[in-house]
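*Asks:*
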Amino acid sequence: MILQSPISDGGRVFKMYAGRLAKLHIHTFRDFLFHLPNRYVDYSLTARIGSVQAGETVTVQGRILSIKNQYLKGSSFRTIQKAILTDDTGSIELSWFNQPFLTRSIHEGDNMSASGLVEKFRNTLTIQSPEFEVLYDKDSQVIHTGRLVPVYPETRGVSSKWLRRQVYNLLSKHIAEIEDYLPANIIREENLLALSEAVKQVHFPDSFEQAARARERLGFDELFLLQLGALARRRQWKEKNKGIKLTEKPHQKRLDQLINNLPFRLTGSQKAAIADIFQDVTRTEPMNRMLQGDVGSGKTVVGAITAYLAFLNGLQTAFMAPTEILAEQHFKTIHDLLAPYGVNVSLQTGSKKAKNAAFDILVGTHALIAKSVQFKNLGLVIIDEQQRFGVKQRGELRQKGVSPHILVMTATPIPRTVALTMYGDLDVSYLSDMPMGRKIIKTWLVPTEKRQGAYDWIRKQITDTKSQAFIICPFIEESENMTTVKAATKEYERLSQQVFKKQAGQAQIRLGLLHGRMKAKEKDKILTEFRQKKFAILVATPVVEVGIDIPNATIIMIEAAERFGLAQLHQLRGRVGRSDKQSYCLLFTESDNQATKTRLKSLEQSHSGAELAELDLKLRGPGDMYGTVQHGLPRLKVATFSDFALIEKARKEASHVFSRLSEYPSLEKEIKDFAEQAISPD
Ligand code: ADP
Ligand code: MG
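Heads up, my numbering is the position in the sequence shown plus 1192, with the first residue counted as 1.
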C-alpha cells in the first residue's frame, strides 16, 4: 500500500468504512493526512499523580490498580466504571458512566495514560470520563493524551479518536512519501515549514505555535496554487484563442461624436477603462477583462461605448444581466444612447423574445444562452453583475461566437488582493472616481423611537423637493418566497393606509409595490411608473439590490438592516445618490445587540464599497460574505480570503515562479490537480 492507494486497498476494516469516509472526502490514504483537525484539546500538561490538584486539566500516567463495574444507586441498568490509577507518588480515581465494556479492554496492571479535568468528591480526586490510552510497551507514543490532541470533523461512525489513530499510523509509516513540490528557495524565503513537517505538525503539533506554522504553510500552498492556476489559464487563454481584431482609428470620428453627445462628461477612470478596453480589443488575443466599480460609478456607459465600437466593426454584442428588471433597464439605456446612431438594439428575456436576428446588440437575461438565440457574428460579450452568473453560463454565452471579446462588470467590492487571487486570469480596470457632483449619501442608523419622526421627514422631503424614496422590506428568506412577498405586501398596505395616508391640506403621497414574485410585465410597469414619477415611494423587497438606476430617487429606508452584510447594504444604498442631488439612507434594526449596531453604524462613516467589504470580511468572515452571493468561489480548507498578508506573499511568489514553471514538474502537476477549484470566465 502507498499513500495514493484507495482506502479499499487497506483491507476489511477500511472497506467497511469506505462509505462513511467518503462523506468526509477521504478516498485515498493520502486524504486522511489532508483531513485537517478543526481544533486541538490541550492535554500537554503532565503531572505526577501525587501533585495533581482539583481544577487542573492534566495528563497522568501510571498503572491500573483495579477496575470495576458498579450499578448506580437505585438503578438496575445505569452503571459506573471506576478504576484506580497509581504511580509512585500517589493514586487517582478514573470514572466513566455506562461503559461496562471498558472492564474488558482495561485490565489490572495495564500502563495507562489518562487526561482530563481533575475534580474532588468527598476527598477523592477523580477524573470523570477521561481521554485515555493503554500503553502496551515502554516506548508507546501517546496519541490521545499527554499532548495537543487533534479534534477532527467527524461523521456518524467515524470518531476523532479513530481518525487520530489512522493518521498517526499513516504518518509513522508513510511520511516519506509526501514530496515537497514547492521550490526550496520559496520555502526558505517565506520561512515556511517543509510540507511533510507541516502535515505532521498540523495533526500532532508540538505546540500551538507549531500548529499555526503548519497552517500557514498549508494555507500558503492553497493560495499559491490558486494563483499559479489562474496565471496558467491566462497564458492558455492568450495562446489558444485567436480573437477578432477590431479597429479603432477608422471610427474615431463617430466614437467622438457619441462621447461628445453624452449628457455628461466621462470621468477620468471611465476614460481610462475605455482606453484599456480598446487596447485589448484591437489585439488578436481576445479580451478577458473585468470592470470593477462601486455602485453608481457608471459602468453601463463604458459597456455601451465598447458595444458601439464592435458595431462600427460590423460585429454583434451580447449584453447579459442577471435579472429581467435589469435587462429591461439596460435595454432602455443602451437603446436611447445608441439607436440615434443607427444601432439596432433588441431585448431577449424569459418573457420577451427578440423579433429577428437583425440586431446589433442583444440585451437580455440568461435567456440569451437559449439554443434558439443565434448570432451571426458575435464579437463581444458583456456580462453585468458577473458574480451572479455561474462559470458555466458565462462559458455558454461565449460559445455563441468564435472567441468573442469578453467584458465582465461587477460592483461587488471584492478587495483588490482577493480579486487578484480569485480572478488572476482577468485583467481588471477599476472605476475609482465617481461622476462629478456626486454627494456622499448621508446615512443614519435610526433609533426605534425616532421611526415616526423618520416617516414625517420622508413625507416632508417628498412634498418639498419632489424627490422619491425606496422603502426596503426585510429579507425574510434567502430566496424570495411567499413569506417575504407577504411581508412586503403587508408593509405596503400599512404604509399606504396608515403612515402615508392623505393628510388634510397636503398633497397625496402615492406608493407602489415591487417584489420578486411579480410577473416581469408587472415589474416593468411599476418601475416605468416610478421612473415617470407617477408615485413617490417604492416599497420593495431586496430585489432592487442590483443595478436599478433611478436618479430622481434620493431616499432609501432599509428595514431589518442587520440581516444584510455591509457590502450588500452598500449596494442597496447605491440605489440612491445617482445624481447631483443630496441623497439619504435611513437604516432600521430591531436588534439590541451592540456589536450589530456598531457594524451598521460603520455605514454612517464609510462610503467606499471596498472598505466596507474588507470590514465585512473581518467581522463576518468570508463564508458569510461570499457564501450565498458569490458562486464559484474556490473552496479553501486552510487559508481564508481575509488573510491579506498571506495572499500577498503567495501572489508575489506565484508571479516569480510562473515564468520558470517548466523547471518544476511536480509543481505543474499539483496546479493541475488544484485547478478545477478555481474560477475562470470560460
Ligand atoms: P453602475 O456602475 O452602478 O452600474 P450606472 O452605469 O447605472 O452605474 O450609472 C449610474 C448613473 O450615473 C446613471 O444614471 C448614469 O447615466 C450616470 N452616469 C454614468 N456616467 C456618468 C458621468 N460620467 N457623469 C454623470 N453621470 C454619469
Ligand atoms: Mg450597473
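We put the beta carbon where it would ideally sit given N, CA and C, even for glycine.
1. Are the CB atoms of residue 1508 and residue 1589 within a distance shorter than 8 Å?
2. How about residue 1525: is its Cβ closer than 7 Å to a heavy atom in ligand 2?
3. Under the rule that 16 or more other beta-carbon atoms within 10 Å means buried, what is residue 1629, buried or exposed?
4. Less than 8 Å between the CB atoms is what I'm expecting for residue 1255 and residue 1278, so what's the real figure, rounded?
5. Mind checking whether the beta-carbon of residue 1801 lies closer than 7 Å to any heavy atom of ligand 2?
6. Got a sec? Which residues, its chain only, sit under 7 Å from residue 1337 by beta carbon, not counting five neighbours each side?
7. So for residue 1328, helix, strand or coil by DSSP?
8. Compute the distance between the beta-carbons of residue 1691 and residue 1647, then report whether it is under 8 Å.
9. Could you check what DSSP says for residue 1819 in three-state terms: helix, strand or coil?
10. For residue 1746, count neighbouring Cβ atoms within 10 angstroms of its own Cβ and tell me buried if that reaches 16, exposed if not.
11. What separation, rounded to the nearest whole angstrom, lies between the Cα atoms of residue 1683 and residue 1379?
12. Taking the beta carbon of residue 1841 as the centre, do at least 16 other beta carbons fall within 10 Å, making it buried, or is it exposed?
13. Does at least one heavy atom of ligand 2 sit under 7 Å from the Cβ of residue 1492?
14. Where do the N-terminal and C-terminal ends of the beta strand (DSSP E) with residue 1436 fall, by residue?
15. Any heavy atom of ligand 2 closer than 7 Å to the Cβ of residue 1648?
16. Does residue 1540 pass the burial test, meaning 16 or more other C-beta atoms within 10 Å, or should it be called exposed?
17. Can you give me the C-alpha to C-alpha distance between residue 1397 and residue 1341, rounded to a whole angstrom?
18. Distance, Cα to Cα, residue 1442 vs residue 1574?
19. Classify residue 1532 as helix, strand or coil using the three-state DSSP reduction.
20. In angstroms, rounded to a whole number, what distance separates the CA positions of residue 1563 and residue 1538?
21. Check whether the Cβ atoms of residue 1392 and residue 1363 lie closer than 8 Å to each other.
22. With contact counted as at least three CB pairs below 8 Å, one residue from each stretch, are the stretch 1338 to 1357 and the stretch 1414 to 1428 in contact?
23. Less than 6 Å between C-beta atoms, sequence neighbours within five positions excluded: which residues of the same chain meet that for residue 1637?
24. Between 1781, 1664 and 1772, which lies nearest to residue 1733 when the distance is taken from Cα to Cα?
25. As an exercise, report each continuous beta strand (DSSP E) stretch of at least 3 residues that is fully enclosed by the stretch 1619 to 1669, in chain order.
26. On a Cα-Cα basis, can you pick out the residue from 1717, 1292 and 1368 that is closest to residue 1225?
27. With contact counted as at least three CB pairs below 8 Å, one residue from each stretch, are the stretch 1759 to 1775 and the stretch 1480 to 1493 in contact?
28. Mind the definition here: the stretch 1716 to 1723 touches the stretch 1776 to 1790 only if three or more C-beta pairs lie below 8 Å; say whether that holds.
29. With DSSP collapsed to three states, give me the class of residue 1508.
30. Within a Cβ cutoff of 6 Å, which residues of the same chain sit near residue 1821, ignoring the five residues on either side of it in sequence?
31. With a threshold of 8 Å, are at least 3 pairs of Cβ atoms found where one atom belongs to the stretch 1295 to 1305 and the other to the stretch 1258 to 1266?
32. Use the C-beta contact count for residue 1475: other C-beta atoms within 10 angstroms, 16 or more gives buried, fewer gives exposed.
33. Compare the beta carbon distance of residue 1705 and residue 1735 with 8 Å and say whether it is the shorter of the two.
34. Does the CB of residue 1685 have a neighbour CB from chain D at under 8 Å?
35. Could you tell me if residue 1768 is buried or exposed, where buried requires 16 or more neighbouring beta carbons within 10 angstroms of its beta carbon?
*Replies:* Short version:
1. As a position in the sequence shown, residue 1589 is number 397, starting the count at 1. As a position in the sequence shown, residue 1508 is number 316, starting the count at 1. Taking 8 Å as the Cβ cut-off, residue 1589 and residue 1508 do not qualify as a contacting pair.
2. Within the sequence shown, the letter at position 333 stands for residue 1525. No, since every heavy atom of ligand 2 falls outside the 7 Å radius drawn around the Cβ of residue 1525.
3. Indexing the sequence shown from 1 puts residue 1629 at position 437. Residue 1629 is exposed by the Cβ-count criterion.
4. Looking up residue 1255 in the sequence shown gives position 63. Looking up residue 1278 in the sequence shown gives position 86. Rounded, the Cβ-Cβ distance is 6 Å, consistent with contact.
5. By 1-based counting over the sequence shown, the position of residue 1801 is 609. Checking the Cβ of residue 1801 against ligand 2 gives no.
6. By one-based count along the sequence shown, residue 1337 stands at place 145. Answer for residue 1337: 1235, 1251, 1305, 1306, 1307, 1323, 1324 and 1325, listed in chain order.
7. Within the sequence shown, residue 1328 is the residue found at index 136, counting from 1. Residue 1328: coil per DSSP, three-state reduction.
8. In the sequence shown, residue 1691 corresponds to position 499, counting from 1. In the sequence shown, residue 1647 corresponds to position 455, counting from 1. Yes, the Cβ-Cβ distance between residue 1691 and residue 1647 is below 8 Å.
9. Within the sequence shown, the letter at position 627 stands for residue 1819. Caution applies to residue 1819, whose pLDDT of 35 falls short of 50 and renders its modelled position unreliable; the model cannot decide the point.
10. The sequence position of residue 1746 within the sequence shown is 554, counting from 1. Its Cβ being crowded by 16 or more others within 10 Å, residue 1746 is buried.
11. By one-based count along the sequence shown, residue 1683 stands at place 491. By one-based count along the sequence shown, residue 1379 stands at place 187. Taking the straight line joining both Cα atoms gives about 59 Å.
12. Numbered from its first residue, the sequence shown carries residue 1841 at position 649. Classification of residue 1841: buried, given that the 10 Å Cβ count is 16 or more.
13. Taking the first residue of the sequence shown as 1, we reach residue 1492 at position 300. Yes, the beta carbon of residue 1492 sits closer than 7 Å to at least one heavy atom of ligand 2.
14. Position 244 of the sequence shown, counting from 1, holds the residue named residue 1436. Where residue 1436 is concerned, there is no enclosing beta strand (DSSP E), given that its DSSP letter is neither H nor E.
15. Start at 1 with the first residue of the sequence shown, and residue 1648 comes out as number 456. The answer is no for residue 1648.
16. Mapped onto the sequence shown, residue 1540 falls at position 348. It counts as buried.
17. As a first step, residue 1397 must be located in the sequence shown, where it is residue number 205. As a first step, residue 1341 must be located in the sequence shown, where it is residue number 149. If you take the alpha carbons of residue 1397 and residue 1341, they lie about 8 Å apart.
18. Taking the first residue of the sequence shown as position 1, residue 1442 is located at position 250. Taking the first residue of the sequence shown as position 1, residue 1574 is located at position 382. Each residue's alpha carbon lies about 23 Å from the other.
19. Here residue 1532 refers to the residue found at position 340 when the sequence shown is read from its first residue. Helix.
20. What you label residue 1563 is simply residue 371 of the sequence shown in a count that begins at 1. What you label residue 1538 is simply residue 346 of the sequence shown in a count that begins at 1. Their Cα atoms are separated by approximately 17 Å.
21. Sequence index remark: in the sequence shown, residue 1392 carries index 200 (1-based). Sequence index remark: in the sequence shown, residue 1363 carries index 171 (1-based). A contact, by the Cβ cut-off of 8 Å.
22. no
23. Within the sequence shown, residue 1637 is the residue found at index 445, counting from 1. Taken in chain order, the residues that qualify are 1779, 1792 and 1793.
24. Start at 1 with the first residue of the sequence shown, and residue 1733 comes out as number 541. Nearest C-alpha to residue 1733: 1664.
25. 1619 to 1623, 1634 to 1637 and 1660 to 1664
26. Indexing the sequence shown from 1 puts residue 1225 at position 33. Residue 1368 is the option with its Cα nearest to residue 1225.
27. yes
28. no
29. Looking up residue 1508 in the sequence shown gives position 316. It is a strand residue.
30. Working through the sequence shown from its first residue, we reach residue 1821 at position 629. Note on residue 1821: pLDDT 36, under 50, position unreliable in the model; no value is reported.
31. yes
32. Position 283 of the sequence shown holds residue 1475. Classification for residue 1475: exposed.
33. Locating residue 1705 in the sequence shown gives position 513, counting from the first residue. Locating residue 1735 in the sequence shown gives position 543, counting from the first residue. Cβ distance not < 8 Å, so residue 1705 and residue 1735 don't count as in contact.
34. Among the chains of the structure shown, chain D does not appear; only one protein chain is present.
35. Counting from one through the sequence shown, the residue named residue 1768 turns up at place 576. Residue 1768 comes out buried.
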